[in-house]
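Notes follow once the structure below has been shown.
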Amino acid sequence: MPEIRVITRDGDQQSIVFTPGTTLMQAITEGGIHELQALCGGVCSCATCHVFVDPAFAARLDAVSDDEDGLLSGSAHRCEQSRLSCQVRLTEQLAGLLVTIAPEDE
Amino acid sequence: MNADALIHKDYFTDQSLLLDPYEYFRQMYAKGPVYPMGGGDVLLVTGFEEAVEVLRNNRDFSSAISTSGAGDPLPFTPEGADISAQLDVFSEQLGMLNLLVSYDGMQHANLRAIAGNLFTPTRLKATHTFMHDFADQLVREAVSRGRCEIVNEIATPFVTLVVAEILGVPPEDRDKFRAVIDAAPPAGNMNKEDANEGAAPQLSPLEYMGLFFFEYLNDRREHPRDDVLTHLAQATYPDGELPDLLEMVKLSGFLFGAGQDTSAKLLSNAMRRIAEDPALQQQLREDPALIPPMLEEVLRLEGSTKATFRIARRDTKIGGMDIRAGMRLTVALAAANRDPRRWENPEEFRLNRPRIKEHLAFGRGVHTCAGAPLARLEVAAILQHFLQHTTHISLCAEKHGPPGNRHLEYEPSFIIRGLANLHLVLES
Numbered sequence: 001m002p003e004i005r006v007i008t009r010d011g012d013q014q015s016i017v018f019t020p021g022t023t024l025m026q027a028i029t030e031g032g033i034h035e036l037q038a039l040c041g042g043v044c045s046c047a048t049c050h051v052f053v054d055p056a057f058a059a060r061l062d063a064v065s066d067d068e069d070g071l072l073s074g075s076a077h078r079c080e081q082s083r084l085s086c087q088v089r090l091t092e093q094l095a096g097l098l099v100t101i102a103p104e105d106e
Numbered sequence: 001m002n003a004d005a006l007i008h009k010d011y012f013t014d015q016s017l018l019l020d021p022y023e024y025f026r027q028m029y030a031k032g033p034v035y036p037m038g039g040g041d042v043l044l045v046t047g048f049e050e051a052v053e054v055l056r057n058n059r060d061f062s063s064a065i066s067t068s069g070a071g072d073p074l075p076f077t078p079e080g081a082d083i084s085a086q087l088d089v090f091s092e093q094l095g096m097l098n099l100l101v102s103y104d105g106m107q108h109a110n111l112r113a114i115a116g117n118l119f120t121p122t123r124l125k126a127t128h129t130f131m132h133d134f135a136d137q138l139v140r141e142a143v144s145r146g147r148c149e150i151v152n153e154i155a156t157p158f159v160t161l162v163v164a165e166i167l168g169v170p171p172e173d174r175d176k177f178r179a180v181i182d183a184a185p186p187a188g189n190m191n192k193e194d195a196n197e198g199a200a201p202q203l204s205p206l207e208y209m210g211l212f213f214f215e216y217l218n219d220r221r222e223h224p225r226d227d228v229l230t231h232l233a234q235a236t237y238p239d240g241e242l243p244d245l246l247e248m249v250k251l252s253g254f255l256f257g258a259g260q261d262t263s264a265k266l267l268s269n270a271m272r273r274i275a276e277d278p279a280l281q282q283q284l285r286e287d288p289a290l291i292p293p294m295l296e297e298v299l300r301l302e303g304s305t306k307a308t309f310r311i312a313r314r315d316t317k318i319g320g321m322d323i324r325a326g327m328r329l330t331v332a333l334a335a336a337n338r339d340p341r342r343w344e345n346p347e348e349f350r351l352n353r354p355r356i357k358e359h360l361a362f363g364r365g366v367h368t369c370a371g372a373p374l375a376r377l378e379v380a381a382i383l384q385h386f387l388q389h390t391t392h393i394s395l396c397a398e399k400h401g402p403p404g405n406r407h408l409e410y411e412p413s414f415i416i417r418g419l420a421n422l423h424l425v426l427e428s
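Protein chains in written order, with our numbering: chain V, 1 to 106; chain B, 1 to 428.
And the structure:
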């Protein structure tokens, strides 16, 4: 089974096995990392599943939609690597993906 | 009533708990955040942390009973540390609806991937004009009469027509749908005899609407349009597979049904709060930007879903507590939203509480309400028009009694927190 690597807010790195077809948000939360709140449950209406994707993988992801872009723009921590993890669907090609949980917005 | 008598009431059938379920939850919480209901084997989860833990643990807790509840004995004796096979065999007897809310695992994830894309900010923005024009029209008519019964005259028609518009249900069919929905018992119905009334078996609203949705979706596969039904007709699962049309028919009907009742109840719960608190009402009238935070606090204190239900698929834990496979849980969202460990002075209505959006009114985890963004928008829209067109809104004393001694009637449901009616006097 393919894995992703997740760096939590305290700097720890964990590997999480995922099923292709699930979203990055699902993989992270089901992997037991509860600091990713994902309050809206993955319907692209909040920005509480914000992560930073390692630039080495950026080209393998689908582009950011206008809706995702709009929600991310409300975060004080937005940067080039920002993504809403509920909008990233995991495929075999993303095995090894490295992401960091973004700091929480106030 | 003393606490012991209260906690021994049957939550699933005792209609004396409808007026103030919160007192029952409070007394149960005092016994423990996870505590057996009526001394039986169904656990009531009233703690915030514990509720979040259960809702997020969709591996160990199945949603098969999410809407049927746990009022009847289990139709089987759980055997062993993992009852997955028994859950499959007995799904029908468990009252499992073959719908998104009751699905687990990949079956749920596949369908949710489609449902999760329906109420995006872009699509909701596109309905802004329709939603506000319609709200304005309904409110102006009501204000010109000087009174209204908001649940049935305003809330239900409004949310029904909004979701019909978004989905793309033709205008000529919308009234037919409303008629069957209005005639059906509420979700989590406490009156079991309703189910046996009448000699000939009738189609449920979902079955009735399903016949129409089957036609719409077939048509959209041939003739795509710019609506949600077309999105549903063309959607594929994450692995690229085209879903069975029946699955999309059920999803459409569910969105239509679920999309209306809980939103309508939320609107009336919010309006009751506003009508009974003139200072808050005036504050909102002067600053409509406070409507969304007000709504979040209403969702916390009086969201329209009191509880959802889970069954342990395998031996597991909540916190340090052992849970055996086959144990059932009533996850009291309404209680978790008043857990004093999580919320300071939880019974108090406060605008702009810190981290208010973490309330559980829409659930948490994979089954979080996909329609929440729509519900928030449509309820805020109509409240805004009510406040704009009135100088004062109050409860009708003829119908509900004088202030301090109000009579309110809630629908007989162990799931829904919803007024059966709410009569208002509208001054302008």
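The C-beta atom is built at its ideal place from N, Cα and C for all residues, glycine as well.
Residue B:A325 holds the alpha-carbon nearest to the alpha-carbon of S84 (chain B) among B:A325, B:A332, B:E165, B:N352. Secondary structure at F177 (chain B): helix, using DSSP grouped into helix, strand and coil. With contacts defined by Cβ atoms closer than 8 Å, M37 (chain B) and T330 (chain B) form a contacting pair.
Assigned with DSSP and collapsed to three states, K9 (chain B) falls in coil, not helix or strand. For the region 6 to 31 of chain V, the set of positions with a beta-carbon nearer than 9 Å to some beta-carbon of chain B reads T19, P20, G21, T22, T23, Q26, T29, E30 in chain order. For F119 (chain B), the nearest beta carbon of chain V is closer than 8 Å to its own beta carbon. At a Cβ-Cβ threshold of 8 Å, L295 (chain B) and A336 (chain B) do not count as neighbours. V17 (chain V) sits exposed, since fewer than 16 C-beta atoms from the chains shown fall within 10 Å of its C-beta. Taking 8 Å as the CB threshold, L94 (chain V) stays off the interface with chain B. The region 74 to 86 of chain V makes no contact with the region 12 to 30 of chain B, as fewer than three CB pairs between them are under 8 Å. Per DSSP, the unbroken beta strand (DSSP E) holding F52 (chain V) starts and ends at 50 to 53. The beta carbon of G74 (chain V) sits no closer than 8 Å to any beta carbon of chain B. DSSP places D219 (chain B) inside the alpha helix (DSSP H), whose first and last residues are 205 to 222. Under the 8 Å Cβ criterion, the region 88 to 106 of chain B does not count as touching the region 139 to 156 of chain B, having fewer than three qualifying pairs. Put simply, the region 45 to 56 of chain V touches the region 91 to 104 of chain V. At least three CB pairs are less than 8 Å apart.
The beta carbon of E427 (chain B) is closer than 7 Å to those of T390, T391, H392 in its chain, skipping five residues each way along the sequence. The C-beta separation of A332 (chain B) from T46 (chain B) comes to about 5 Å, placing the pair in contact by the 8 Å criterion.
Taking 8 Å as the upper bound on Cβ-Cβ separation, chain V lies near residues K357, E358, F362, G363, R364, G365, V366, H367 of the region 336 to 367 of chain B.
In chain order, K357, E358 make up the part of chain B whose C-beta sits under 7 Å from the C-beta of L39 (chain V).
In the structure shown, M28 (chain B) adopts helical secondary structure according to DSSP, grouped into three states. In this structure, S85 (chain V) keeps its C-beta atom at 8 Å or more from the C-beta atom of L39 (chain V).
DSSP places C86 (chain V) within a helical segment (H, G or I) once states are collapsed to three.
In this structure, DSSP gives A235 (chain B) a state outside helix and strand, which the three-state scheme calls coil.
P238 (chain B) has a beta carbon lying within less than 8 Å of a beta carbon in chain V. Using a CB distance cut-off of 8 Å, D62 (chain V) does not count as an interface residue toward chain B. Judged by beta-carbon spacing, F256 (chain B) lies beyond the 8 Å limit of S66 (chain B), meaning their Cβ atoms are not closer than that value. For G47 (chain B), no chain V residue has a Cβ inside 8 Å of its Cβ, as the nearest lies near 16 Å away.
At a cut-off of 8 Å between beta carbons, S82 (chain V) makes no contact with chain B. Residue environment: V89 (chain B) is assigned as exposed (fewer than 16 neighbouring CB atoms within 10 Å of its CB, all protein chains considered).
For P373 (chain B), the chain V residues whose Cβ falls inside 8 Å of its Cβ are C40, V43, S45, in order along the chain.
Between V43 (chain V) and A370 (chain B), the CB-CB gap stays under 8 Å. In this chain, the beta strand (DSSP E) harbouring M321 (chain B) covers 321 to 323. Contact with chain V is absent for G320 (chain B), since none of that chain's Cβ atoms lies less than 8 Å from the residue's Cβ. In this structure, DSSP gives F362 (chain B) a state outside helix and strand, which the three-state scheme calls coil. From the beta-carbon of G116 (chain B), the residues of chain V found nearer than 7 Å are G42, V43.
H423 (chain B) has B:E149 as its beta-bridge partners, per DSSP.
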